[in-house]
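Presented below is the structure to which this report refers.
Number of protein chains: 2
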Amino acid sequence: MTTPIRTLVVDDDFRVAGLHRDVVAARPGFVALEPALSVADAQDAIRSHQPDLLLVDIHLPDSNGIELVRACNIDAFVISAANDAPTIRRALRAGALAVLFKPFDPRLLTERLDRYARFRNLVSGTGPLVQDELDRALAILNGSNDPVTLSRSATEKLILEALNTDEASASEIAELTGVSRATAQRHLVALAARSLVEVRLRYGATGRPEHRYAAASTAEGV
Amino acid sequence: MTTPIRTLVVDDDFRVAGLHRDVVAARPGFVALEPALSVADAQDAIRSHQPDLLLVDIHLPDSNGIELVRACNIDAFVISAANDAPTIRRALRAGALAVLFKPFDPRLLTERLDRYARFRNLVSGTGPLVQDELDRALAILNGSNDPVTLSRSATEKLILEALNTDEASASEIAELTGVSRATAQRHLVALAARSLVEVRLRYGATGRPEHRYAAASTAEGV
DNA sequence: CAACGTCGAGCACAATGCGCAAAACTAACC
DNA sequence: GGTTAGTTTTGCGCATTGTGCTCGACGTTG
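First to last, the protein sequences are chains A and B. Take 1 as the starting number for the first sequence in our numbering and just add one per residue. Take 1001 as the starting number for the second sequence in our numbering and just add one per residue.
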């Protein structure tokens, strides 16, 4: 497979769109088109550039990303801040090959892109497929073969849940979760490094400034 | 799962439609509607009966089965005599949850129906899904051939009995049962993957958090 | 017979908690 | 203003515990 996969990000949040475009651009075998910030932009870009893959946010200013996916005969991932089951079912029925819940670790997108590339390699021809080949391709896209190295560890999940929508220090999270302060801090620092958590410093008391952590607001702003 | 999955077969070949309807009708948890022989028939049946799942042949006399799948917000399998890769890609982009190549062994349809039922069970709620849950549901639908049988080996039975109503670590279960710690853990992990066992992490001691296992509560029977 | 699945032993290493030193702040003092 | 002391928080190295994996043995099945 020598032809790069042209990928169009469709998201009205300029910063998120840029982040996802950068993830795509960094992937060997992929070419990232300039993101589209609306369905109308996306349709223009689709006409101009014939992308092979769309990364479409559900909530777009002028329409619904799911309808865009349904209407175009292009492979697509749906990206969603909404994670209610009915929305997800609608996305799958519209033809989404994957659904990713914001905010997600960029490595999850990377992994899904790689899976898609392998899937695409198997179904990209013009000749006949046999059932086994198709099943294998779909298993690559959706299978559970890979160990859950890219999903959040149990402790990470616990810490993110403890954060909820509040801001907290590492000590407070430690008390809420039962892990030690040092462990909570280690995880929070790592999550911040991956942009899943935002950090703010609190001054005014004696001693070092306290790091306050909050869940990343990229999803909440949608 | 108490509500049967109403399933509509859409195929212009009366005999094949009847065959597939019979496969569906024979499946516990499924109700087969009277097959539709054209897209127009199908649209009538969809309005009258609100099917949960369509089995749609691509080649229909008055239109294209893929367009029917695309246009309706209903879970669908596509059944196809055509097995060229471009057609398959179109079907997947239209939202087909599975693609089956005619002629196929009825056991393949049976297996795919069962997978769909389990997938549906996981995504049928109205509440939020997390990424892991969605991924697991899709893996069930399309994953490699994990025979997630409900039968239990002797060792599994032994371990479940040792769990009883208590919470225990793999080491503790190993001592109670006489199997090795690694084997106990293997089985407990597999049981957890099948939602028969619940896992909780215990923090506070030096060293990795300890996985504590408990028999799944009866809430899983919903 | 070969193939396959399960098990146990042993090992590497992942992930935790502890203890402590350093960093970084505020308040007090000169 | 600058300097120092006290305090709080961070960050790190180390020891410990638990997990996950490999590989060979063994029993079962075709």
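Just so it is clear, CB atoms sit at the ideal spot from N, CA and C, and this is done for glycine as well.
With distances taken Cα to Cα, identify the nearest neighbour of residue i among the options.
i, options, result
"B/Leu1176", "B/Ala1071, B/Ala1026 and B/Leu1158", "B/Leu1158"
"A/Asn73", "B/Ile1058, B/Ala1091 and B/Ile1079", "B/Ala1091"
"A/Asn164", "A/Glu198, A/Thr183, A/Arg136 and A/Ile140", "A/Glu198"
"A/Gly29", "A/Arg93, A/Ser63, A/Gly95 and A/Thr7", "A/Thr7"
"B/Ala1096", "B/Leu1060, B/Pro1128, B/Leu1053 and B/Asp1062", "B/Leu1053"
"B/Thr1003", "B/Ala1117, B/Ile1088, B/Leu1055 and B/Glu1111", "B/Ala1117"
"A/Asp135", "B/Phe1014, B/Ala1017, B/Leu1100 and B/His1211", "B/Leu1100"
"B/Glu1167", "B/Ala1154, B/Glu1210 and B/Leu1141", "B/Glu1210"
"A/Ala82", "B/Ala1182, B/Leu1129 and B/Leu1019", "B/Leu1129"
"A/Ser275", "A/Ile140, A/Ala215, A/Leu191 and A/Arg212", "The displayed coordinates of chain A run from 1 to 222. Any statement about residue 275 of chain A would go beyond what the structure contains."
"B/Ser1038", "B/Leu1019, B/Ala1025 and B/Asn1064", "B/Asn1064"
"B/Pro1106", "B/Ala1193, B/Ser1171 and B/Ala1025", "B/Ala1025"
"A/Ala162", "A/Arg15, A/Tyr213 and A/Ser195", "A/Tyr213"
"B/Ala1193", "B/Ala1036, B/Ala1139, B/Pro1035 and B/Ile1005", "B/Ala1139"
Looking at residue i: is its Cβ nearer than 8 Å to the Cβ of residue j?
i, j, result
"B/Phe1104", "A/Gln131", "yes"
"B/Ala1042", "B/Leu1033", "no"
"A/Ala40", "A/Val69", "no"
"A/Thr126", "B/Ala1085", "yes"
"A/Arg27", "A/Leu113", "yes"
"A/Val179", "A/Thr155", "yes"
"A/Val9", "A/Ala17", "yes"
"B/Leu1122", "B/Glu1133", "yes"
"B/Ala1098", "B/Leu1160", "no"
"A/Leu224", "A/Asp12", "No answer is possible for residue 224 of chain A: the residues shown for chain A start at 1 and end at 222."
"A/Ser80", "A/Lys102", "yes"
Helix or strand or just coil, what does DSSP make of residue i?
i, result
"A/Val23", "helix"
"B/Asp1052", "coil"
"A/Glu34", "coil"
"A/Asp41", "helix"
"A/Val123", "helix"
"A/Asp12", "coil"
"B/Asn1064", "strand"
"A/Arg118", "helix"
"A/Phe77", "strand"
"B/Ile1046", "helix"
"A/Ile58", "coil"
"B/Arg1136", "helix"
_Against chain A, which members of the segment 1073-1090 of chain B pass a CB distance test of less than 8 Å?_
Correct list: Asn1073, Ile1074, Asp1075, Ala1076, Asn1083, Asp1084, Ala1085, Pro1086, Ile1088, Arg1089 and Arg1090.
*Using Cβ-Cβ distances below 8 Å, what residues of the segment 1117-1129 of chain B are close to chain A?*
Cβ contacts with chain A come from Val1123, Ser1124, Gly1125, Thr1126, Gly1127, Pro1128 and Leu1129.
_Continuous beta strand (DSSP E) assignments of at least 3 residues falling wholly in the segment 1081-1115 of chain B_ = Listed in chain order, the complete beta strand (DSSP E) runs (minimum 3 residues) inside the segment 1081-1115 of chain B are 1098-1101.
*Between the segment 21-33 of chain A and chain B, which residues of the former have CB atoms less than 7 Å from a CB of the latter, in chain order?*
Contact annotation: in the segment 21-33 of chain A, no residue has its CB less than 7 Å from a CB in chain B.
*In chain order, each beta strand (DSSP E) run of at least 3 residues that lies wholly inside the segment 1155-1221 of chain B*: Runs found: 1197-1202 and 1210-1215.
*Which of the residues in the segment 50-69 of chain A, read from start to end, lie with their CB under 7 Å from any CB of chain B?*
For the segment 50-69 of chain A, which is checked against every Cβ of chain B, not one residue is closer than 7 Å.
*Residues from the segment 1185-1205 of chain B in contact with chain A, defined by Cβ distance under 7 Å*: Residues are counted here when their Cβ sits less than 7 Å from a Cβ of chain A; for the segment 1185-1205 of chain B these are Leu1201, Tyr1203 and Gly1204, given in chain order.
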